[in-house]
Amino acid sequence: MPTLTPEQREQRLALIETDLAAYRAVKSAASHLAYDVVIRGEDPHGDRHAHERASAALSRRLKDEYRAAHEASAAARLAVEDFDVAHGLMEPLARHRKAGAVRA
């Protein structure tokens with residue numbers, strides 16, 4: 097398994113943070129849109145049903161984007177943990193305990 101350089105490790109950590117921040121921003125925007133349409137009944141375009149369909153489509157896209165960001169973040173996290181184990185910054189078993197199970 098290839099080991100990261102310290103610079104690559106930092107890049108992976110930044111990727112994790114960037115992915116999570118982007119997801120939070122899009123999720124917040126979608127929440128505001130859904131609140132305006134569903135809760136307050138506001139329709140800035142005069143067609144409530146079209147606006148609700150757009151909100152539902154945005155929600156589906158968010159799920160897909162979240163899944164992709166989550167997978168990229170998980171891969172980056174594993175690479176960082178590999179680096180940390182290889183450089184003695186983390187015990188090999190600590191990684192598995194973090195995941196919730198000790199593997200043999």
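If you want my numbering, it's the 1-based position in the sequence shown plus 96. Ideal placement from N, C-alpha and C gives every residue a C-beta, glycine not left out.
Can you tell me whether residue i is buried or exposed? The criterion is at least 16 other CB atoms within 10 Å of its CB, across all chains shown.
i    : result
R108 : buried
D160 : exposed
A110 : exposed
E103 : exposed
A175 : buried
R156 : exposed
What does a CB cutoff of less than 7 Å around residue i pick up in its chain, not counting 5 residues either side in sequence?
i    : result
I112 : S169, A172 and R173
K123 : L158
D115 : A165, A168 and S169
Identify whether residue i lies in helix, strand or coil by the three-state DSSP scheme.
i    : result
T101 : coil
H183 : coil
V198 : Because the pLDDT at V198 is just 41, under 50, the model does not fix this residue reliably, and the value given afterwards should be weighed accordingly. V198 falls in the coil class under three-state DSSP.
Cutting at 8 Å between CB atoms, please list the residues of its own chain near residue i, excluding the five before and the five after it.
i    : result
L185 : F179
A117 : none
A152 : none
Short of 6 Å in beta carbon distance, which residues of its chain neighbour residue i, apart from the five on each side in sequence? Order them along the chain.
i    : result
Y162 : Y119
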